[in-house]
Structure formats: structure tokens, C-alpha cells
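Scroll down for the structure; my scribbles are underneath it.
There are 2 protein chains.
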Amino acid sequence: MAKKGSESGKGQRREQSLSREQIIQAAIALLDESGEEGLTFRALSERLATGPGAIYWHIANKNDLMTAACDELIGKTIREASLDGTPQENIRLLGLAMFDAMDAHPWLGSALMHAPQQSPMLHIVERVGQQLKAMGVPKTKHWISASTLLNYILGVGGRNAANGVYARANGLNRTTALDAIATAWLQLDAGEYPFVRSLAAQLRMHDDRKDFAAGIALILKGISPN
Amino acid sequence: MAKKGSESGKGQRREQSLSREQIIQAAIALLDESGEEGLTFRALSERLATGPGAIYWHIANKNDLMTAACDELIGKTIREASLDGTPQENIRLLGLAMFDAMDAHPWLGSALMHAPQQSPMLHIVERVGQQLKAMGVPKTKHWISASTLLNYILGVGGRNAANGVYARANGLNRTTALDAIATAWLQLDAGEYPFVRSLAAQLRMHDDRKDFAAGIALILKGISPN
DNA sequence: ACCTGAACACCGTTCAAGT
DNA sequence: ACCTGAACACCGTTCAAGT
Chain H
0 MAKKGSESGK GQRREQSLSR EQIIQAAIAL LDESGEEGLT FRALSERLAT GPGAIYWHIA
60 NKNDLMTAAC DELIGKTIRE ASLDGTPQEN IRLLGLAMFD AMDAHPWLGS ALMHAPQQSP
120 MLHIVERVGQ QLKAMGVPKT KHWISASTLL NYILGVGGRN AANGVYARAN GLNRTTALDA
180 IATAWLQLDA GEYPFVRSLA AQLRMHDDRK DFAAGIALIL KGISPN
Chain L
0 MAKKGSESGK GQRREQSLSR EQIIQAAIAL LDESGEEGLT FRALSERLAT GPGAIYWHIA
60 NKNDLMTAAC DELIGKTIRE ASLDGTPQEN IRLLGLAMFD AMDAHPWLGS ALMHAPQQSP
120 MLHIVERVGQ QLKAMGVPKT KHWISASTLL NYILGVGGRN AANGVYARAN GLNRTTALDA
180 IATAWLQLDA GEYPFVRSLA AQLRMHDDRK DFAAGIALIL KGISPN
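If you're matching them up, the sequences are chains H and L in order. Residues 0 to 225 (numbering that gives the first Met the number 0) are what the first sequence spells out, left to right. Residues 0 to 225 (numbering that gives the first Met the number 0) are what the second sequence spells out, left to right.
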């Protein structure tokens, strides 16, 4: 809520001129605090103690800003992911690292979904692909194996992001949100929705991270030739 | 571009008062023609020869409108999907029906992604789940099997939607868009991106629909116990 | 070279006023 | 009961003008 005085919320280091990196970091912080809708050129420029127009000197547009923010986080995630295990383990760990990043930054899954063929995705494909090769997946199956894994990872990320937005908008924490959904499921017509109703108990107890890992394992099992 | 005269673009049947169903159909038509960004309360009300406020008498807000539009299409897709084959075939056909719906309405994948726990999704889960049961998947694996399939389907839909938005925004058709991406991939550093580069040729030739079906098959293989 | 901030062309949504 | 359309509180982006 700082106006434009001599100090504002965060870094307060404007002894130098604005930099692209500085803007990206502020954008990530803002996204983490207030979600996708919270990132505004006005809010961002206020935090940087400048005007909205200034940002456009360093960043082409909002899309560019989102891609840069994704790139920053995905790059870090991939760089830090371990490569010490078997290819299967490495893929599992890379997936979990992606999951953790999307969990810590709930806007990330949705943003990756909307920035299809851009550099963040290429990093992930490359990493996954090299492990598939090491697994001995034949060349003819590289494409389908990589894209199935990718689409699954992005699907989970996107859905987690949507759930997060929903919970935030309704001021719910995870437990109360899941309770509300489970209750709604149990009120469905028993003849029409037997399967969904039978899942309500699991919904309450499930662990997103474990389920994600189990899904990856299941796909890897489908990929391996035996 | 009709102003507010005695006729406008489409239906021209306003002998009766506005109905919720009418609004939803107009919204779907508008979304099909001009994408997510094309659906505006102003554009929609113009097409319905009324004012933006009128829509709010029948629809709670834009989110409600999007969910209703999804519900309409998903309901139809599921109702029409065949159930004559083996469970595996039925899941494959349901998946393909979903793919075709998301392909014909490129905004659908993205909208489903953003409306997580709402009725359109429940329809899909229920249908998939009943087939999993029929496949003999043990109860303990219902949750993970259903959610893996769901996340994959949504992931593909969301990514196709994003690709469509990208192509539309740049005025590209599918072939030229793929060519541009393949060219970009081939210009990547050979040491850093060997896998992505090796995929460039496949990118040009690939068939989204076949790949989708192959991904479903791969996951089903991972699900089945043997 | 870089920043300022008013201005433009939009949004979704509300609400008094009409019929 | 249902519609009208101006008004409100926002957006992303541009651009003359400043330093």
C-alpha cells in the first residue's frame, strides 16, 4: 500500500536503475502472495517504486513476464534435480521436483499450461527425454513417451493450480475445501454417480504428492517394453 | 457489428424473452468463432440484441457461463460415447470423444482445466471409473487410475488449447506453426538439447489424435495388473 | 538511456430506472 | 419479472514529456 514515497514493501534497493531480473523476482513474489490475478503492472510497479510504463522498458508484455518467471523457476528446478539414480528414479525425482515447484508456486502449473512451446517446457522435455533414452526406450517411442509424461505432469500442475485458486477465492484451507467437495460428492444421485461417490472417502485422505508419483510410476510401467 | 437495431448476426429469435439456454448457445458460438478472449459480456449481449446487464438476470457471472458452456458440450460428448466394446475400448473411445470435442472447441480444454471440481469433470470421472471397475481394476487402485487418466486427458486438452491460441494470435495454420517450432528446435544448441532436436522431424509429422490415443493405451497398459 | 504518469481502449459487474 | 444502459472500478499498453 506504499504510495510512491522513499520506501516500499520489499527490497527498497533502487540505488540502481531497474533491471529485468529485479522485475522478474518481484513478479514471482507478487504471484506467490496473491496468485495470478494479483500480478498487475500497477501493483508490480508500486512494489518497485516506479510507474507502470517503466516496466515496459525491460519487459515486452505480460506474457513475456510470465514466461520469464516460469523460466526462472523451472530452470532452477531442473538444475537442482538429481541424476544419480536409475533413469526411472531420475524421471520420478524430476517429476517430484516439478510437483514441488508447482506446489510452492501455485500459479506455475497454470502458467506453463498457457505457454506451450516456450523455453521452460523445452528444458523439461530434454531432461525427461535423456532419461527415456537411458531407459532403453526405442527411438520410435521417444515422442509418445515424452509427450505422455509431459501432458500428465502439466495436467496435474494445472489442476492443482485451479484447486488452489478455488480454495483461495473461497477462503478455504485444504482440509475444509476437500471436506466440502467430499460432502458434495456424497450428495450426488446414487444411481447415476456410484463411482464418484465411492471415491469420496479417498478424496478426504489422499496425498497429492504421493498420487502424482504413483501416476508417474504407472506411466513408466506402460512405457517400459516388458 | 450490429448496433442494436431490429436484427443481429445469428438467431434473430427474440420474440420470447432471453433464456439461459439461449445465452449458453450464443456463448459457445462466440467462443468457437473468436476464442476465450472473444467471449465478452458486451459482444455476447450485442449478439443477443440486448444490454450486458440483461445476461446477469439469467447467469451468475462469467465463471458460471463458462461452466455451463462446458457442461453442455461434455454432457453431449459423454451421452453419445459408445459403450459397446471392452472396457479398454470404451475408455479409449471416450477419451477420443473428449479429444474431438476439445479439438472442435479449442477453448474447452483450457476451460475444463480452470473449473476443477465442477459437474463437467464429474461426468467424465464417473464414466471412466465405471469402465475401470469393469476392467477388474482393484478397488485400491480406482483413485490413482482414474486421476491419472483424467490428468492426462486434461493435460492434452489444455496444451492443445494453448497451441490453438498461439497459432490464432500469430495468424498461423497448423502446418506453418509446426514448421516454425521445428525450425526453432533445430536451431537449439546441439550439446544442450540433443533429445529435443532429435524430435523435430517427428514434430512435423505427428498426428495429435493418434498420439492422444497412444498415450491412453500406454496408461491403460500401466493400469492393468499383468 | 531510462523513467513518469496521464490517457486510451478495453474489461466484468452493478444498479437505478424503466416496461 | 425482466430488460436497459450508464456508471464503477478495474485492466494491459502506449506515448509524449521529462531527466
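Ideal Cβ placement from N, Cα and C applies to all residues, glycine included. This structure is a prediction, so every number in the text was calculated from the model and none was measured.
Notebook entry, point to check: I think methionine 120 of chain H touches glycine 157 of chain H, with their Cβ atoms under 8 Å apart; what is that distance to the nearest whole Å?
Noted result: Counted from its first residue, the first sequence places residue 120 of chain H at position 121. Counted from its first residue, the first sequence places residue 157 of chain H at position 158. Not a contact, Cβ separation roughly 13 Å.
Item checked: Distance between leucine 47 of chain H and glutamate 79 of chain L (C-alpha atoms, nearest Å) -> By one-based count along the second sequence, residue 79 of chain L stands at place 80. By one-based count along the first sequence, residue 47 of chain H stands at place 48. Distance between the alpha carbons of glutamate 79 of chain L and leucine 47 of chain H is about 54 Å.
Checklist line | Start-to-end residues for the alpha helix (DSSP H) that takes in leucine 47 of chain L | finding: To locate residue 47 of chain L, count along the second sequence from 1; it is residue 48. Segment: none, leucine 47 of chain L is in no alpha helix (DSSP H) and carries neither H nor E.
Item checked: When H:Gly221, H:Tyr165, H:Gly128 are compared against alanine 226 of chain L, the one with the closest alpha-carbon -> Residue 226 of chain L cannot be examined here, being either before or after the span of chain L that is shown, 0 to 225.
Item checked: N-terminal and C-terminal residue of the alpha helix (DSSP H) that isoleucine 152 of chain L is part of -> Here the question's residue 152 of chain L lines up with position 153 in the second sequence. Segment 141 to 168, the alpha helix (DSSP H) holding isoleucine 152 of chain L.
Check: Mind pulling the chain L residues with CB within less than 8 Å of leucine 198 of chain H?
Finding: If you number the first sequence from 1, residue 198 of chain H lands on position 199. Those are Val124, Gly128, His141, Trp142, Ala145, listed as they occur along chain L.
Next item on the list: Determine the chain L residues that contact asparagine 150 of chain H at a beta-carbon separation under 8 Å, and present them in chain order.
Entry: Here residue 150 of chain H refers to the residue found at position 151 when the first sequence is read from its first residue. Result: Tyr151, Gly154, Val155, Arg158, Gly214.
Item checked: Rounded straight-line distance, which links the Cα of lysine 75 of chain L to that of lysine 3 of chain L -> Looking up residue 3 of chain L in the second sequence gives position 4. Looking up residue 75 of chain L in the second sequence gives position 76. Below a pLDDT of 50, predicted positions are generally treated as unreliable, and lysine 3 of chain L, at 32, falls in that range; the measurement from the model is reported next regardless. Approximately 33 Å, taken between the alpha carbons.
Next item on the list: State the Cα-Cα distance for the pair leucine 131 of chain L and aspartate 70 of chain L, rounded to the nearest angstrom.
Entry: The residue you call residue 131 of chain L lines up with position 132 of the second sequence. The residue you call residue 70 of chain L lines up with position 71 of the second sequence. Their backbone Cα atoms lie some 23 Å apart in a straight line.
Check: Buried or exposed: where does proline 105 of chain H fall if 16 or more other Cβ atoms within 10 Å of its Cβ makes it buried?
Finding: Locating residue 105 of chain H in the first sequence gives position 106, counting from the first residue. Proline 105 of chain H comes out buried.
Check: Going along the chain, which residues of its own chain have a beta-carbon closer than 8 Å to the beta-carbon of proline 137 of chain L, five neighbours each way excluded?
Finding: For the purposes of this step, residue 137 of chain L is identified with residue 138 of the second sequence, where counting begins at 1. Result list for proline 137 of chain L: Pro224, in chain order.
Notebook entry, point to check: What residue does the alpha helix (DSSP H) around tryptophan 184 of chain L start on, and which one ends it?
Noted result: For the purposes of this step, residue 184 of chain L is taken as residue 185 along the second sequence, with counting starting at 1. 173 to 185 is the extent of the alpha helix (DSSP H) around tryptophan 184 of chain L.
Checklist line | Residue closest to glutamine 201 of chain H, alpha-carbon to alpha-carbon, out of H:Asp178, H:Gly214, H:Pro51 | finding: Reading the first sequence from its first residue, position 202 is the one you call residue 201 of chain H. For the residues H:Asp178, H:Gly214, H:Pro51, the minimum Cα distance to glutamine 201 of chain H belongs to H:Asp178.
Notebook entry, point to check: Which residue comes first and which comes last in the alpha helix (DSSP H) that contains asparagine 62 of chain L?
Noted result: Position 63 of the second sequence, counted from the first residue, corresponds to residue 62 of chain L. Per DSSP, asparagine 62 of chain L belongs to the alpha helix (DSSP H) from 61 to 79.
Note to self: Cutting at 7 Å between CB atoms, please list the residues of its own chain near glutamine 11 of chain L, excluding the five before and the five after it.
What the structure shows: In the second sequence, the residue the question calls residue 11 of chain L occupies position 12. In this predicted model, glutamine 11 of chain L has a pLDDT of only 37, less than 50, meaning its place in the structure is not dependable enough to derive any value.
Notebook entry, point to check: Helix, strand or coil: how does DSSP classify glycine 8 of chain L here?
Noted result: Taking the first residue of the second sequence as position 1, residue 8 of chain L is located at position 9. A caution first: glycine 8 of chain L carries a pLDDT of 36, below 50, which makes its placement in the model too unreliable to give a value.
Checklist line | Coarse secondary structure for aspartate 207 of chain H, derived from DSSP in three states | finding: The residue given as residue 207 of chain H occupies position 208 in the first sequence. The answer is helix: DSSP assigns aspartate 207 of chain H an H, G or I state.
Notebook entry, point to check: If you run the structure through DSSP and keep just helix, strand and coil, what is isoleucine 58 of chain H?
Noted result: Numbered from its first residue, the first sequence carries residue 58 of chain H at position 59. Looking at isoleucine 58 of chain H - three-state DSSP - the assignment turns out to be coil, as it is neither helix nor strand.
Notebook entry, point to check: Does any CB atom of chain H fall closer than 8 Å to the CB of histidine 228 of chain L?
Noted result: Residue numbering for chain L in the displayed model covers 0 to 225; residue 228 of chain L lies beyond these limits and cannot be assessed.
Check: What residue does the alpha helix (DSSP H) around aspartate 188 of chain H start on, and which one ends it?
Finding: One-based indexing of the first sequence puts residue 188 of chain H at position 189. Counting along the chain, aspartate 188 of chain H falls outside any alpha helix (DSSP H), and DSSP gives it neither H nor E.
Next item on the list: Under 6 Å Cβ to Cβ from alanine 67 of chain L, same chain only, skipping five residues before and after it: list those, please.
Entry: Taking the first residue of the second sequence as 1, we reach residue 67 of chain L at position 68. Closer than 6 Å at Cβ, skipping near neighbours: Ile23.
Check: At a CB-CB cut-off below 8 Å, which residues of chain L make contact with valine 195 of chain H?
Finding: Position 196 of the first sequence, counted from the start, is the residue given in the question as residue 195 of chain H. Under the 8 Å cutoff, chain L gives Leu121, Val124, Glu125, Gly128.
Next item on the list: Just confirm the distance between the C-beta atoms of glycine 154 of chain H and tyrosine 151 of chain L, as a whole number of angstroms; I'd bet it's less than 8 Å.
Entry: For the purposes of this step, residue 154 of chain H is identified with residue 155 of the first sequence, where counting begins at 1. For the purposes of this step, residue 151 of chain L is identified with residue 152 of the second sequence, where counting begins at 1. Confirmed, about 6 Å.
Next item on the list: Go ahead and pull the three-state DSSP assignment for serine 33 of chain H.
Entry: As a first step, residue 33 of chain H is located in the first sequence; it is residue number 34 there, counting from the start. Three-state DSSP puts serine 33 of chain H in a helix.
Note to self: Just to check my reading of the structure: leucine 38 of chain H and leucine 72 of chain H have Cβ atoms closer than 8 Å, yes? What is that Cβ distance to the nearest angstrom?
What the structure shows: Reading the first sequence from its first residue, position 39 is the one you call residue 38 of chain H. Reading the first sequence from its first residue, position 73 is the one you call residue 72 of chain H. Not confirmed; about 14 Å, so no contact.
Checklist line | Cβ distance (whole Å) where phenylalanine 194 of chain L is taken to contact glutamate 125 of chain H below 8 Å | finding: As a first step, residue 194 of chain L must be located in the second sequence, where it is residue number 195. As a first step, residue 125 of chain H must be located in the first sequence, where it is residue number 126. That belief holds up - the Cβ atoms of phenylalanine 194 of chain L and glutamate 125 of chain H are roughly 5 Å apart, short of 8 Å.
Checklist line | isoleucine 27 of chain H versus asparagine 60 of chain H: straight-line alpha-carbon distance, rounded | finding: Locating residue 27 of chain H in the first sequence gives position 28, counting from the first residue. Locating residue 60 of chain H in the first sequence gives position 61, counting from the first residue. Each residue's alpha carbon lies about 15 Å from the other.
Check: Is any beta-carbon of chain L found at less than 8 Å from that of aspartate 188 of chain H?
Finding: Translated into positions along the first sequence, residue 188 of chain H becomes position 189. Taking Cβ atoms only, chain L never reaches closer than 8 Å to aspartate 188 of chain H, which makes this a no.
Notebook entry, point to check: What residues from the region 41 to 58 of chain H come within 7 Å of chain L, judged by C-beta to C-beta, listed N to C?
Noted result: none
Next item on the list: With a 10 Å radius around its C-beta and 16 neighbouring C-beta atoms as the bar for buried, classify alanine 168 of chain H as buried or exposed.
Entry: Numbered from its first residue, the first sequence carries residue 168 of chain H at position 169. That one is exposed.
Check: Hey, is alanine 68 of chain H's beta-carbon within less than 8 Å of any beta-carbon in chain L?
Finding: Residue numbering aside, residue 68 of chain H sits at position 69 when the first sequence is read from its first letter. Judged by the 8 Å Cβ criterion, alanine 68 of chain H is not in contact with chain L.
Margin query: Given this structure, state the Cα-to-Cα distance separating glycine 128 of chain L from isoleucine 54 of chain H, to the nearest angstrom.
Written below: Here residue 128 of chain L corresponds to residue number 129 of the second sequence, with the count starting at 1. Here residue 54 of chain H corresponds to residue number 55 of the first sequence, with the count starting at 1. Their backbone Cα atoms lie some 49 Å apart in a straight line.
Check: Between glycine 74 of chain L and chain H, is there a C-beta pair that is closer than 8 Å?
Finding: Counting from one through the second sequence, the residue named residue 74 of chain L turns up at place 75. Answer no: the Cβ-Cβ gap between glycine 74 of chain L and chain H never drops below 8 Å.
Next item on the list: Just tell me which of L:Ala199, L:Ile218, L:Thr175, L:Leu30 has its CA closest to the CA of aspartate 102 of chain L.
Entry: Taking the first residue of the second sequence as position 1, residue 102 of chain L is located at position 103. Nearest C-alpha to aspartate 102 of chain L: L:Leu30.
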